[in-house]
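Chemist:
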Amino acid sequence: PRLVLLDCDPGTDDAIALWLALASPEIDLRLVTVAGGNVGLAQTLPNALAVVGLAGARVPVVAGADRPLVGRFRSETDVHGADGLGGVVLPPGPPATPGLAVDAIRDALRGAAPGSVTLVGIGPATNVALALSAEPALLDRVAEIVLMTGALGEGNWTQAAEFNAAMDPEALAVLLSCGRPVVLATLDLTAQAFVTPARIAALRAVPGGACLRAAAEILAAVPPSRRFGFKGVALHDPCAIAWLVAPGLFATREVAAAVVLDGADRGRTRIDRWGRDKAAARNALFLESLDADGFFAMLAERLSRLP
Ligand code: BDR
Ligand code: CA
């Protein structure tokens, strides 16, 4: 299995991504770090703990940044609800592991072999960027950085920017330019993981425990998006985990990727899909398409393994 450190901001889809990671033997989840994002850190931290607790997992959960590197914190409660989980109440989880995400990530990297760690980011990139900036010598431990962030086309926060990229573009810039391979699950990809009432019903019909049932409730609680004519929503964050579990579900393309830091387009990811800029180094693997039926079948099967 891959040794994985997961940074998140639960977050309805973060919760499902965490359960998918915890249920998958392809992933050896060593650390969960939490940032403010979908809602404030005061809520994302207990949410992460509750999600881990419901799965009966023992992985350390450590609090991280409550704001981006630059600028003020904003949140997204109209999608995820004031509590971040769409109003679905989980039993309280275990206490957080003391310390700060930036130190916990560095400690985990220090103890690992070169090229052995996969960093996964499904929230604002602050915690991971802080850790790698504080101790760049640890970059050689990193095999790959898998991010749900950005958009080829229109954003979902501003017209230009996707939420995670918009929340901390400087942190994302650190990761995109760090020299390690970055994998991008953008809005264009996650739109293909489209949650419809029929897919929620199919998940509900699968025998499973409390995690599977809570996942179905959470999916049902997310309001259908205007972006998709109110027919459903994109299941963003589990796509990043699915890349580690079942890469055969994806078609990919190597691209040059950067993030805009200035002006009205702040937070826009610039992804040179067709390699127009011959001089630009291809620093990212763009996840281009997803076998959605295979993805939802895999998700249901994995969630059914949890308590
Ligand atoms: C991203 O922002 C949040 O709403 C989701 O959890 C996901 O990480 C999608 O833009
Ligand atoms: Ca998220």
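Take the sequence shown: its letter number 11 is residue 79 in the working numbering, and every next letter is one higher. Even glycine gets a Cβ: it sits at the ideal position worked out from N, Cα and C.
Please report the residue range of the beta strand (DSSP E) in which CYS76 lies.
Modeler: The count along the sequence shown starts at 1 and reaches residue 76 at position 8. Run containing CYS76: 70 to 76, per the beta strand (DSSP E) assignment.
Chemist: Report the residue from PRO315, LEU74, ILE84 and GLY79 whose alpha carbon sits nearest the alpha carbon of SER377.
Modeler: What is shown of the chain runs 69 to 375, which leaves residue 377 out entirely.
Chemist: With a cut-off of 8 Å, do at least 3 Cβ pairs link the region 206 to 218 to the region 250 to 258?
Modeler: Taking 8 Å as the limit for Cβ pairs, the verdict is that the region 250 to 258 does touch the region 206 to 218.
Chemist: Give the straight-line distance between the Cα atoms of PRO192 and VAL102, rounded to the nearest whole angstrom.
Modeler: Sequence index remark: in the sequence shown, residue 192 carries index 124 (1-based). Sequence index remark: in the sequence shown, residue 102 carries index 34 (1-based). Approximately 10 Å, taken between the alpha carbons.
Chemist: For the structure I just gave you, are there three or more beta carbon pairs, one from the region 123 to 136 and one from the region 280 to 288, closer than 8 Å?
Modeler: Segments in contact, no.
Chemist: Select from LEU355, LEU113, PRO291 and ALA229 the residue whose C-alpha is nearest the C-alpha of LEU168.
Modeler: Position 100 of the sequence shown, counting from 1, holds the residue named residue 168. It is LEU113 whose Cα lies nearest to the Cα of LEU168.
Chemist: Starting from GLY189 and walking both ways along the beta strand (DSSP E), at which residues does that stretch end?
Modeler: By 1-based counting over the sequence shown, the position of residue 189 is 121. Element bounds for GLY189: 185 to 189.
Chemist: Alpha carbon to alpha carbon, how far is PRO237 from VAL120?
Modeler: Taking the first residue of the sequence shown as 1, we reach residue 237 at position 169. Taking the first residue of the sequence shown as 1, we reach residue 120 at position 52. Straight-line Cα distance between these residues: approximately 28 Å.
Chemist: Is ALA310 closer than 8 Å to PHE363 when the C-beta atoms are compared?
Modeler: Here residue 363 is taken as the residue at index 295 of the sequence shown, counted from 1. Here residue 310 is taken as the residue at index 242 of the sequence shown, counted from 1. Yes. Within cutoff.
Chemist: Can you tell me which of the three DSSP states GLU94 falls into?
Modeler: Here residue 94 is taken as the residue at index 26 of the sequence shown, counted from 1. Residue state, collapsed to three classes: coil.
Chemist: Whose C-alpha, out of ASP171, LEU353 and GLY108, is nearest the C-alpha of GLY343?
Modeler: In the sequence shown, the residue the question calls residue 343 occupies position 275. GLY343 has its Cα closest to that of LEU353, out of ASP171, LEU353 and GLY108.
Chemist: Shortest alpha-carbon distance to VAL170 belongs to which of ASN195, GLY276 and ASN351?
Modeler: For the purposes of this step, residue 170 is taken as the residue at position 102 of the sequence shown. For VAL170, the nearest C-alpha among the options comes from ASN195.
Chemist: With distances taken from CA atoms, which of ALA150, LEU207 and ASN232 is nearest GLY189?
Modeler: For the purposes of this step, residue 189 is taken as the residue at position 121 of the sequence shown. Comparing Cα-Cα distances from GLY189 to each of ALA150, LEU207 and ASN232, the minimum goes to ASN232.
Chemist: Since I believe VAL313 is in contact with GLU94 (beta carbons under 8 Å), could you give me their beta-carbon distance rounded to a whole number of angstroms?
Modeler: Along the sequence shown, read from residue 1 onward, the residue named residue 94 stands at position 26. Along the sequence shown, read from residue 1 onward, the residue named residue 313 stands at position 245. Confirmed, about 5 Å.
Chemist: Please report how far the alpha carbon of PRO78 lies from the alpha carbon of GLY105, in whole angstroms.
Modeler: Here residue 78 corresponds to residue number 10 of the sequence shown, with the count starting at 1. Here residue 105 corresponds to residue number 37 of the sequence shown, with the count starting at 1. For PRO78 and GLY105, the distance between alpha carbons rounds to 8 Å.
Chemist: Could you check if PHE354 belongs to the surroundings of ligand 1, using beta carbon to heavy atom distance under 7 Å?
Modeler: Here the question's residue 354 lines up with position 286 in the sequence shown. Every heavy atom of ligand 1 is 7 Å or more from the Cβ of PHE354, so no.
Chemist: Under 6 Å from any heavy atom of ligand 1, by CB: list those residues in chain order, please.
Modeler: Taken from the N-terminal end onward, the list reads GLY79, ASP81, ASP82, ASN106, GLU144, VAL147, ILE190, GLY191, MET216, ASN224, GLU230, PHE231, ASN232, HIS304 and ASP305.
Chemist: Within the present structure, is the beta-carbon of CYS307 separated from the nearest heavy atom of ligand 2 by less than 7 Å?
Modeler: Against the sequence shown, residue 307 aligns to sequence position 239. Flag unset: Cβ of CYS307 not near ligand 2.
Chemist: Kindly indicate if chain D contains any beta-carbon less than 8 Å away from that of ALA239.
Modeler: Protein chain content of the structure displayed is limited to a single chain, and chain D is not contained in it.
Chemist: On the CB-based measure, 16 or more other CB atoms within 10 Å of its CB, does GLN227 come out buried or exposed?
Modeler: In the sequence shown, counting from the first residue as 1, residue 227 sits at position 159. Exposed, since its Cβ has fewer than 16 Cβ neighbours within 10 Å.
Chemist: Taking 7 Å as the cut-off, is the beta-carbon of ASP361 closer than that to any non-hydrogen atom of ligand 2?
Modeler: For this step, residue 361 is matched to residue 293 along the sequence shown. It does not: the Cβ of ASP361 is nowhere closer than 7 Å to a heavy atom of ligand 2.
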